[in-house]
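One line per chain: the protein sequences are A and B, in this order.
According to the numbering used here, the first sequence is numbered sequentially starting from 1.
According to the numbering used here, the second sequence is numbered sequentially starting from 1001.
Shown next, in structure tokens, is the structure this report addresses.
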Amino acid sequence: MKKNETEAAKAANYPEEDLSRLSRLLRLEKVSSGYEGTNVLSDVSLYVDKGEFVSIVGSNGAGKSTLLRTISGTVRPRSGEVRFEGRPIVGRDPADVVRECRISHVPEGRLLFPRMTVYQNLMLGAFTTRNKKRKEERLAYVMELFPRLAERSRQSAGTMSGGEQQMCAIARGLMLEPRLLMLDEPSLGVQPNIVARIYETLEKINKQEGIAVLLVEQDIHHSLRMADRAYVMQTGRIAAEGRGAELLESELVRKAYLGL
Amino acid sequence: MEHIEQVLVSGLFAGMVYGLISIGLSLIWGIMDMVNFAHSDFMMLAMYFTYLLFSKLGLDPLFSLPLVAAGMFCLGVLTYFLVIRHVIGGELVQQTLCTFGLVVLLQSVAQYLWTGNYQMINEPLVSGNIRIFAASLSKGQVVAGVASLFLAGAIWWVIQKTRIGWALMATAQNRYSAPLVGIKVDRMFALAWGIGLASVGAAGVFLANYYYIYPQVGATFQLLALVAVALGGFGSIPGAIVAGIAVGLIEALSGYLIEPAYKYLVVFSLYIVVVLVRPHGFFGTHS
Ligand SMILES: Nc1ncnc2c1ncn2[C@@H]1O[C@H](COP(=O)(O)OP(=O)(O)OP(=O)(O)O)[C@@H](O)[C@H]1O
Ligand SMILES: [Mg+2]
């Protein structure tokens, strides 16, 4: 289907620009978004290709979380287009975005179901999958990625340590078998060696499973080095974009990171 | 004067019905952070439905149970979409006034349609008395108690064991992340209202077997159910069942030991003490 569209577009001699648009996994065009009374994002355009690892960095309040919420549909944009595999998803119920596009949003602050067990949290991650066997297989895979969760599967999610909760949140997001995994500051309140393990796991998922990753992080050194491409956000706008390693060297990143 | 076995046994069976009434209230409270003050007035409606099915169509409460429960489920979903949905995220005052508005509405409608007279179902299939230990109880009361306990347990089982039950729990625990796993919060709220009214509706059918039916019949039950939910912990289903039974026993015992006129005084005093000492109830996890 997807391929045919591209072929058809080629045959119709569409300009290169449009061709690339069709094959994008996720594309935002001039998106403005915010909350009641405040505008946070203005004219944000960005894209994520299939299998890509994209990072977003920016100072506190730049609008990174708002951006992810706008993509998952929990915050509705004022204007602009959000397309997933070419289809517009603006205005859709966030639950439908999860079900149909399989965009997994691992939110800031984890937002687990605190009084349910780790096992229940993970199984709920695959809420939209009805096939029981498939869920169990996925669970086994996710537990292999995070062995710690297997040990703790009967524990209430809310009673686990911050690092364990973060692993649980990522694992819950992976249960969906996502095509795009969006993570909002997975290193928040997690000790460095566990952060390193989480990052390793993210790279593994990205490389092995080909799941596209959109990572929001404070820790720019790590996240820019890992990324294929990255965006720098400043007060609701994209201030710079480019290859991760390049951006790391740029003056702007240092400024944005320091919030100057 | 009644003897103590009589008091304990009838308190126990009444309490089982309170348990079924309370779980719906607790469910809606736990999932939506909203108190449905009209909960027992919906039960009153179910009692009238049962009465009408009996008097007009000759359908015994035993057989009208599924019909009334299904009707009440639909009414719950409808009430959610037509009314409740519009005050979600609103002020507490707004929500409270909204369900209080339903109290007035339901009672007025009942008064208008069926007058304020007391009605009763004469000679239902389940009638006569039964002896339990040294106590003599109407069969209607026993059936009501046992069936209520069974239904309440079944609802708990569904919530604990099924995919949809887990989605309800997830919505109760974090309504912001529930959509991120694909749960439609709106539907869960509607479902909670459906289950809530279906269960209180079933309690109404059981009560209609042996209780008077009149437009204000819900009032006392509403207060007792609120006490049970507070004792059992907001949102806790097993808590509401156990606390419902406790309320039934306390009510009966204090009527016996002190004075029937003071039985509610004791129940509500206990409520105040518990709210002061254990604000989350005995099974509560809500903070
Ligand atoms: N629910 C909300 N209601 C109103 N305003 C909000 C809400 N959430 C965020 N904001 C505002 O939107 C702006 C951007 O916030 P956002 O959380 O997107 O920033 P961020 O880049 O994720 O910051 P941080 O690095 O601190 O997480 C801030 O000014 C914030 O106060
Ligand atoms: Mg943020």
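Note that the Cβ used here is the ideal one computed from N, Cα and C, for glycine as well.
- Close partners of A:M116 in chain B (Cβ separation under 8 Å): W1166, M1169, A1170, Q1173.
- Chain order gives no chain B residues near A:G34, where near means a beta carbon separation below 7 Å; the closest approach is about 17 Å.
- DSSP places A:R27 in the uninterrupted beta strand (DSSP E) bounded by 26 to 35.
- At a cut-off of 8 Å between beta-carbon atoms, A:A212 makes no contact with chain B.
- In the DSSP annotation of this structure, the continuous segment of the beta strand (DSSP E) that includes A:G80 starts and ends at 77 to 84.
- Distances taken from the Cβ of B:S1177 to the heavy atoms of ligand 1 include none shorter than 7 Å.
- B:G1281 sits close to B:G1233, with the two beta carbons spaced by under 8 Å.
- By the Cβ-count criterion, A:E137 is exposed, with fewer than 16 other Cβ atoms from all chains shown falling within 10 Å of its own Cβ.
- What A:V98 touches in chain B, judged by beta-carbon distance under 8 Å, is P1179, L1180, V1181, G1182, going in chain order.
- Beta bridge pairing from DSSP links A:R243 with A:R229.
- A contact is defined here as three or more CB-CB pairs under 8 Å, and the segment 1043 to 1062 of chain B meets this definition with respect to the segment 1210 to 1222 of chain B.
- Between ligand 1 and A:N60, a heavy atom-to-CB distance of less than 7 Å is present.
- The shortest C-alpha to C-alpha distance from A:V213 to any of A:A157, A:M182, A:I194, A:V98 is the one to A:M182.
- At least one heavy atom of ligand 2 sits closer than 7 Å to the Cβ of A:K64.
- Beta-bridge partners of B:G1204 (DSSP): none assigned.
- Ranked by Cα distance from A:E217, the first of A:G34, A:R27, A:G86, A:N60 is A:N60.
- A distance criterion of 7 Å places the beta-carbon of A:D184 in contact range of ligand 2, judged by its closest non-hydrogen atom.
- Contact of A:H105 with chain B is assigned, a C-beta pair being separated by under 8 Å.
- Across the set A:V253, A:G210, A:Q208, the C-alpha of A:V253 shows the shortest separation from the C-alpha of A:A230.
- Residue nearest to B:A1208 within the set B:P1124, B:T1096, B:F1073, B:M1072 is B:P1124 (criterion: CA-CA distance).
- In this model, A:R148 and B:M1169 are separated by some 24 Å (Cα to Cα).
- Cβ-Cβ separation between A:A171 and A:F146: approximately 5 Å, consistent with a contact (criterion under 8 Å).
- With the rule of 3 Cβ pairs closer than 8 Å, the segment 226 to 245 of chain A does not count as touching the segment 72 to 81 of chain A.
- When C-beta atoms of the segment 1187 to 1195 of chain B are compared with those of the segment 1027 to 1036 of chain B, three or more pairs fall below 8 Å, so the two segments count as touching.
- Taking C-alpha positions only, A:L248 is separated from A:L122 by approximately 35 Å.
- For A:H105, the enclosing beta strand (DSSP E) covers residues 103 to 106.
- Contact check for A:M116 against A:A157 passes: the beta carbons are separated by less than 8 Å.
- Scanning chain A for C-beta atoms nearer than 7 Å to the C-beta of B:Y1176 yields L111, reported in chain order.
- By the beta-carbon neighbour count (other beta carbons within 10 angstroms, threshold 16), B:P1061 is buried.
- Not a single CB atom of chain B sits nearer than 8 Å to the CB of A:R243.
- Chain B places no beta carbon closer than 8 Å to that of A:D184, leaving this residue out of the contacts.
- In this structure, ligand 2 has a non-hydrogen atom nearer than 7 Å to the beta-carbon of A:E108.
- The Cβ atoms of A:I103 and A:S153 do not sit closer than 8 Å to each other.
- Judged by DSSP in its simplified three-state form, B:R1187 adopts helix.
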